[in-house]
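One structure below.
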Amino acid sequence: MVICIIAIIYILIRFSIWIPSKVKKFAIANPSKAIVILLIILLVAIVAEVIKLKKFYEENSPYYFWNELVKKNPKPSNVTQQEFEAKNRAGYCWRDRKYYNKEELWHKAMKSLTGRMIYENKLYWDDKVIDAGGNPRPTAADCNRSGSCRVWRVPSKLTNQELQDFIGIEDDYMPKVNKLKNTENVQNYVYASDKNYVNDDFKLKDFILVHQLENGDYIELYGSDCCTILDKSEWSLIRQKDNYIFVSSKDDMGGTFVQESKIPTNLNINSLGVGNFYLGVTSFTAKHKHNYRFSKYPFTVFYLNNCGDILYKPYYW
Numbered sequence: 001m002v003i004c005i006i007a008i009i010y011i012l013i014r015f016s017i018w019i020p021s022k023v024k025k026f027a028i029a030n031p032s033k034a035i036v037i038l039l040i041i042l043l044v045a046i047v048a049e050v051i052k053l054k055k056f057y058e059e060n061s062p063y064y065f066w067n068e069l070v071k072k073n074p075k076p077s078n079v080t081q082q083e084f085e086a087k088n089r090a091g092y093c094w095r096d097r098k099y100y101n102k103e104e105l106w107h108k109a110m111k112s113l114t115g116r117m118i119y120e121n122k123l124y125w126d127d128k129v130i131d132a133g134g135n136p137r138p139t140a141a142d143c144n145r146s147g148s149c150r151v152w153r154v155p156s157k158l159t160n161q162e163l164q165d166f167i168g169i170e171d172d173y174m175p176k177v178n179k180l181k182n183t184e185n186v187q188n189y190v191y192a193s194d195k196n197y198v199n200d201d202f203k204l205k206d207f208i209l210v211h212q213l214e215n216g217d218y219i220e221l222y223g224s225d226c227c228t229i230l231d232k233s234e235w236s237l238i239r240q241k242d243n244y245i246f247v248s249s250k251d252d253m254g255g256t257f258v259q260e261s262k263i264p265t266n267l268n269i270n271s272l273g274v275g276n277f278y279l280g281v282t283s284f285t286a287k288h289k290h291n292y293r294f295s296k297y298p299f300t301v302f303y304l305n306n307c308g309d310i311l312y313k314p315y316y317w
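Under full-length UniProt numbering, the first residue of the sequence shown carries the number 1, and numbering increases by one thereafter.
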């Protein structure tokens, strides 16, 4: 092994001496060609830098999540803008070429909600979780050590209330959480590229979700009744009866989804196929020590597009 390393180092040194001399000789013998090659190299470097800056701007734009959502239901090239917007307002999903009813949208939205959890997990795996000082925390090691930063989809009919009663209010809740994780036919997802996530249509009728981040302190549980599809009228009535906060601003306390996130104010979002439906979500943390009764109104409400995809932020809470 040591001999191989020494040999590789020797070859690299030889090449580092040989290549510059060859380049110099070529440039002297072919000055015009050398200039053209140099210009091409500079052009490629500039294009690469522009692409890098564009990606940085897009990812740090307050409209990043909005733009990502709109991309998921694009306008077909053979459809007029007028027809595109009219069908969007009527609830049409262009990507899948159909109108979804609420039951169908629920399954789509549950996969998208799980995808949002997976996106959050990736921030932990990539050491991109921000502390209160604005600095990234070294979280990947904790994900590896505890076998966490993943989502489990557990076949179960337990509602939020029944799930909370099962977990109890004692400190030693992990054995019961682990029992859920080890249920027969459970699925667990780490990355959005995992085949079992990509190929899962979430058509199972009854299931619960267990979302664990870097350790046992944060385990969020979603009962079989956690989530409800709301149309515009239903959401409008609920908003009037409960004091929801519109979460869009930057979070200086740190964590995930801390960036400022906006929806363009100069657009009719229904014409882009967003805001005709919403997903109301109610969950609880396993570490929560108070046994309480759940409200009839959802804790969090997300915008949906007509295909059942969630807008990660902003949302209502």
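Where a beta carbon is used, it is the ideal one built from N, C-alpha and C, also for glycine. These numbers were taken from a predicted model, which means no experiment stands behind them.
Distance, residue j Cα to residue i Cα
i	j	result
D127	T139	5 Å
R145	E234	44 Å
I208	N135	34 Å
N178	V154	11 Å
H211	W152	7 Å
N188	I167	20 Å
G223	I40	58 Å
S295	C93	32 Å
G147	D217	14 Å
Y57	Q259	Because the pLDDT of Y57 is 48, which lies under 50, any placement of that residue in the model is unreliable, and the number read from its coordinates should be weighed accordingly. Distance between the alpha carbons of Y57 and Q259: 13 Å.
K195	I35	48 Å
I238	I219	27 Å
N121	K98	32 Å
Q240	P298	13 Å
E103	K205	10 Å
L105	T80	26 Å
P314	F302	8 Å
V129	Y173	25 Å
Residue i - DSSP class collapsed to helix/strand/coil
i	result
I229	strand
Y278	strand
N305	strand
E184	coil
G273	coil
V247	strand
I263	coil
E214	coil
L221	strand
Y297	coil
T114	helix
Y189	strand
Cβ separation of residue i and residue j, assumed to be a contact under 8 Å, to the nearest whole Å
i	j	result
I310	A109	6 Å
F277	D231	6 Å
W66	K262	7 Å
L123	T256	5 Å
N243	G273	Not confirmed; about 29 Å, so no contact.
Residue i classed as buried or exposed, judged by whether at least 16 other C-beta atoms fall within 10 angstroms
i	result
K250	exposed
Y312	buried
W317	exposed
A90	exposed
R150	buried
P175	exposed
Y191	exposed
T265	exposed
R293	exposed
E170	exposed
Q164	buried
S193	exposed
Discussion item. If we require 3 or more residues per run, which beta strand (DSSP E) segments fall completely within the segment 121-180?
Written reply: 150-155
- Query: Along the chain, which unbroken stretches of the alpha helix (DSSP H) at least 4 residues long are found entirely within the segment 36-110?
  - Reply: 64-71, 81-89
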